[in-house]
Amino acid sequence: MEIFKKDPTIDFMGRRRITAVLSAVLLLVSLVSLGMQGLNLGIDFTGGTLVEVGYEEAVELHEVRAALAGTDFEDAQVLHFGSPREVMVRTPPMDGVEQAAVSQAVLELLRAQTEGVELRRVEFVGPQIGRELTEQGMLAMLYALGGILIYVAFRFEYRFAIGSVAALIHDVILVLGFFSLTRINFDLTVLAALLATIGYSLNDTIVVFDRIRENFLKVRKATAEEVMNLSINQVLSRTLVTSFTTLLVVGALLALGGEIIFGFAMALLVGVLVGTYSSIFIASASSLALGVSKQDLMPPEKEGEDQPEVPPPPPGT
776 MEIFKKDPTI DFMGRRRITA VLSAVLLLVS LVSLGMQGLN LGIDFTGGTL VEVGYEEAVE
836 LHEVRAALAG TDFEDAQVLH FGSPREVMVR TPPMDGVEQA AVSQAVLELL RAQTEGVELR
896 RVEFVGPQIG RELTEQGMLA MLYALGGILI YVAFRFEYRF AIGSVAALIH DVILVLGFFS
956 LTRINFDLTV LAALLATIGY SLNDTIVVFD RIRENFLKVR KATAEEVMNL SINQVLSRTL
1016 VTSFTTLLVV GALLALGGEI IFGFAMALLV GVLVGTYSSI FIASASSLAL GVSKQDLMPP
1076 EKEGEDQPEV PPPPPGT
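Throughout the sequence shown, residue numbering follows this note's numbering, covering 776 to 1092 in sequence.
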């Protein structure tokens, strides 16, 4: 049974050039997609009207969409929430039309198709509020990245700080690129999942950096690349178990949560996968490329430590 107690010996840093090319391609595709078509923003950011209705019996979404087809609301997003009898209709902003008129028009179209439809809730988000949410969301992400940069620089070393922030920027761009390519609705819940992804990825990166710092002080004759490989292999089982258990929960949200939290769960799924990858390949490889070494992590010597100890004077002097 001794074989199960040994750490793996995978040469992660030896494959860093291959993974760098892979990441560069994914980043390029993501940036091109974001530049050309952007994100499919929800009404949280664009503004619009949200109408929640209840049916007496379960209803298929294609039936609701058919009732709105050929009208001013054919571009509305239709989702189930809570149960198959509850439907949410999100309409884009309409110039010169009052909120009450929009909700009443949607309700009449649905009642014309199916009797007994009840209006449950109406919410309106103005374009100005949507712009403010967009700006505040971006600022929240920038503040988080800035705080992480300062924290890691003080706790470890500035090269590690740059490596961790490079990994987080890599994760954010890839998740945003995924949503841009798939055209999945990007709303406040997805933004919350994106910020959670930053925290998850950073946690993995800090664990790896902690082990690297310990091994730099313990393994004196190894190169920086060998120390990083050793450290990543030592924490690999912990990283994989954590990621697997997190993915189990995210998978349950995707399977059972319905369309109302689909974007949130999908952002977490992609974020966990990308975050695990970046904590192994991007953060450590970036620090190695910047030239981090054992001397950078040695604690500073206290003044007078290298001077010989002076014996106390004999008694009576």
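Where is the CB? At the ideal position from N, CA and C, for every residue including glycine.
Check, Outcome
"I'd like to confirm something about ILE1035: is its beta-carbon nearer than 8 Å to some heavy atom of the ligand FMN, or not?", "Only the bare structure without any ligand can be found here, which leaves the ligand FMN out of the picture."
"For VAL864 versus GLN879, is the C-beta distance shorter than 9 Å?", "no"
"Using the three-state DSSP reduction, which class does MET774 fall into: helix, strand or coil?", "Any property of residue 774 remains undetermined from this structure, which presents the chain solely from 776 to 1092."
"Just the Cα atoms here: how many angstroms apart are GLU1001 and TYR975?", "26 Å"
"If we call anything under 9 Å between Cβ atoms a contact, is LEU951 one with LEU969?", "yes"
"In chain order, what residues of the same chain lie with their CB nearer than 7 Å to the CB of ILE923, ignoring the 5 residues before and after it?", "SER939, VAL940, LEU943, LEU977"
"Taking 9 Å as the cut-off, decide whether the C-beta atoms of PHE991 and ARG791 are in contact.", "no"
"Tell me which same chain residues have a C-beta within less than 8 Å of the C-beta of ALA928, skipping the five on either side of it?", "PHE935, ALA936"
"Which residues mark the beginning and the end of the alpha helix (DSSP H) in which LEU963 is found?", "963-993"
"Report buried or exposed for SER858, applying the criterion of at least 16 other Cβ atoms within 10 angstroms of its Cβ.", "exposed"
"Mind checking TYR918: buried by the 16 CB within 10 Å criterion, or exposed?", "exposed"
"Check whether the Cβ atoms of ILE1035 and ASN815 sit closer than 9 Å, and answer yes or no.", "no"
"According to DSSP, is ARG840 helix, strand or coil?", "helix"
"Can you confirm whether VAL807, when its beta carbon is compared against all beta carbons of chain E, has any partner nearer than 9 Å?", "Annotation note: the requested chain E is absent from the structure, which comprises a single protein chain."
"So, is VAL1085 buried or exposed, given that buried needs 16 or more other C-beta atoms within 10 angstroms?", "Confidence in VAL1085 is poor, its pLDDT being 48 and thus under 50, which makes the residue's placement too unreliable to answer from."
"Please confirm whether ALA1060 and MET788 have their CB atoms less than 9 Å apart.", "yes"
"Cutting at 6 Å between CB atoms, please list the residues of its own chain near THR1021, excluding the five before and the five after it.", "VAL1047"
"Could you tell me if VAL796 is buried or exposed, where buried requires 16 or more neighbouring beta carbons within 10 angstroms of its beta carbon?", "exposed"
"Since ARG895 and GLY829 should fall inside the 8 Å C-beta cutoff, what is the C-beta to C-beta distance between them, to a whole number of angstroms?", "5 Å"
"Excluding five sequence neighbours on each side, which residues of the same chain lie with their C-beta closer than 6 Å to the C-beta of ALA1033?", "Checking the displayed sequence, the identity of residue 1033 turns out to be Gly instead of Ala. Excluding sequence neighbours, GLY1033 sits near HIS855."
"Counting C-beta neighbours from all protein chains within 10 Å, is the total for MET1041 16 or more, i.e. buried, or is it exposed?", "buried"
"Please state whether the Cβ-Cβ distance between ASP979 and VAL1049 is less than 9 Å.", "no"
"Taking the alpha helix (DSSP H) that GLU835 belongs to, which residues open and close that run?", "Neither: GLU835 is in no alpha helix (DSSP H) and is coded neither H nor E."
"At which residues does the alpha helix (DSSP H) containing GLU1000 begin and terminate?", "999-1031"
"Does the beta-carbon distance from LEU802 to PHE848 come in below 9 Å?", "no"
"Locate the beta strand (DSSP E) running through VAL897, then write down its first and last residues.", "893-900"
"DSSP state of GLY1038, grouped into three classes?", "helix"
"Quick check on DSSP: helix, strand or coil for GLU890?", "coil"
"Where does THR824 fall in DSSP's three states?", "strand"
"Alpha carbon to alpha carbon, how far is LEU1044 from VAL965? Give it in angstroms, no decimals.", "11 Å"
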